[in-house]
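Note sheet for the following structure.
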Amino acid sequence: PKGTKIQVYDLITSDLEFAENNLPDNPPLIGKPSKWSAKAFLSDVYLYQALYTKASDKANEVIMSGKYSLERVTVADDFNKLFGMNSNSQEEIFYIKYNQNSPGELILFTQQEQTPWFGSGGYGLINWTKTSKFYKAWNDNDLRKQFNWYDEQINLNPFLAGQPEFPNQEIISPKKYNNPAATIETFSLTCYRYADVLLIYAEASAQAAGPTADGVEKLNMVHRRAYGLDPLQPSSVDFQLAAYTKETFTDLVVQERGYEFQLEGKRWFDLVRSGRVKEVMKNNIGREVADKHLLWPIPRIEFDLNKGLDPTKDQNPGY
C-alpha cells in the first residue's frame, strides 16, 4: 500500500540528515552538493511541514556559516551572475549543472511571436501576459521584473480563426536563461541559493514567534538587492517591523518569493504549502481550483510497475 504523508517526510528527512552529516563542508566538484546544500534543503522540508522553529534554525545555520552572500546588482542584467554553467556565484548553494555536450533538455522559448500556436508531445510553453494582476502589481523599478520578462511583443502574422482568446492577451515571454550570443546554452537548474535561505528564515521565524527585526532584515536584504541597492545597508525601500502582523508579514514574504524565484519552479509549492492556491488563482485569473488539483495524480505507469500499489485504493483523491 501507499505510504502515508508522515512516512514519506520521515524518509526524506532521514536522507537529508544523513547527507548533512556525511557530505563535505565544501563540494569536491562544481555542481556537487555539500553539507550546506543538505541543510538548505532540510530547512525547506521543515517549512513545508510547518515545523517553523526547525526550519528557521536550520536556515540560520546556513546563514551563520558565512559561506554565502547575495550578489550585488546595479542593473537588471547583473542577475545573470546567478545563473549559467560557469556562474560560480557566491550565492549558489546547490545548482544542477548542465553541459551542452551531454544529453538532456530543458526547452524554453525566449520569444514566441504572435503566430499560430503549436504543440509537441511532452513540451510546455512558458508565457505570461501584461494584463496579469501579479505582473501589473510588480513595481517597474524592481530589476527582477526587467530581468525575467521581455515587455515587448513580436507580431509577424495575425492569429488564425478559432483562436479568439489570445489576440488581446498582450503575451510576453521569459527573458531569464537567455543568451543572445548563443544558439544553445548551459544555464544551471537552480535548486537552492542564498536568497532562498534568507526568505525561508524570514518566513519560518515569523510563523514560529511573530515578525522580528532579524527576520525583517533578512527579507529586506533580498528586497534591497532587487532595486539595485546594497543588501546590507538600510534603504528607502525597506519594510518596517511595526507595520506587520504575523499574517501580513507572511503574506509579504510569500509575495517576495514570487518575485525573487520567477521561473525557478518554486511558486506553486509556496502557494500549496501556505494554503494560498485557491485565493491567488481566484484573485489573479478568476478561476476556482478544485481540491484534487492540489496534488498530481499518480501516473498509470507507477501502478503498472509497482505491484504493491492498488490503483483503486492508492490513487490520490479525486482521480
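For the working numbering, add 118 to where a residue sits in the sequence shown, where the first one is 1. All residues carry an ideal CB built from backbone N, CA and C; glycine is no exception. Small disclaimer: the values here were computed from a predicted structure and weren't measured.
Cα-Cα separation, residue i to residue j
| i | j | result |
| --- | --- | --- |
| E321 | Y253 | 23 Å |
| G145 | D348 | According to the sequence provided, residue 145 is Pro. The question's Gly does not apply to it. Between P145 and D348, the C-alpha separation is close to 28 Å. |
| T192 | G346 | 4 Å |
| E135 | K157 | 8 Å |
| S152 | G404 | 43 Å |
| R311 | I211 | 5 Å |
| I416 | P435 | 10 Å |
| V163 | F387 | 11 Å |
| N266 | P142 | 34 Å |
| K425 | L129 | 21 Å |
| R394 | S207 | 32 Å |
| A408 | L147 | 44 Å |
| R375 | G121 | 31 Å |
| K294 | T247 | 16 Å |
| F421 | W414 | 14 Å |
| D432 | P119 | 7 Å |
| N296 | L427 | 42 Å |
| R190 | V315 | 17 Å |
| A137 | S155 | 9 Å |
| A360 | T366 | 11 Å |
| Y268 | P352 | 30 Å |
| L370 | L317 | 10 Å |
| D133 | A194 | 38 Å |
| S161 | K410 | 27 Å |
Environment of residue i [buried if 16+ CB atoms lie within 10 Å]
| i | result |
| --- | --- |
| I290 | buried |
| R262 | buried |
| V126 | exposed |
| P429 | exposed |
| K384 | buried |
| R84 | No statement about residue 84 is possible, as the shown extent of the chain runs from 119 to 437 and does not include it. |
| T368 | buried |
| L423 | exposed |
| P292 | buried |
| P329 | buried |
| Y437 | exposed |
| S183 | exposed |
Cutoff 7 Å; reference residue i; Cβ partners in own chain excluding five residues on either side
| i | result |
| --- | --- |
| Y319 | S174, A177, N178, I181, G333 and K336 |
| C309 | F212, Y213 and I214 |
| A313 | L188, E209, V340 and E378 |
| E283 | Unreliable placement is indicated for E283, whose pLDDT of 48 sits below 50; the coordinate value is still reported in the next sentence. If we look at E283 and ignore the five residues flanking it on each side, it has no Cβ neighbours. |
| K400 | E406 |
C-beta atoms of residue i and residue j nearer than 7 Å
| i | j | result |
| --- | --- | --- |
| Y166 | R342 | no |
| K364 | A331 | no |
| L412 | V398 | no |
| I214 | L307 | yes |
| N402 | K251 | yes |
| A326 | T171 | yes |
| F201 | F305 | yes |
Sequence-distant residues of its chain with Cβ nearer than 6 Å to residue i (five each side left out)
| i | result |
| --- | --- |
| I124 | none |
| G149 | K215 |
| A168 | none |
| Y362 | P329 |
8 Å Cβ shell around residue i - same chain, five flanking residues per side excluded
| i | result |
| --- | --- |
| Y377 | W256, D260, R262, K263 and A344 |
| E382 | T308 |
| V372 | E321, D388, L389, S392 and R394 |
| K185 | W154 |
Any chain C beta carbon closer than 7 Å to residue i
| i | result |
| --- | --- |
| K153 | This model lacks chain C altogether; it includes just one protein chain. |
Using 8 Å as the threshold, is the segment 351 to 366 in touch with the segment 329 to 339, meaning 3 or more CB pairs across them?
yes
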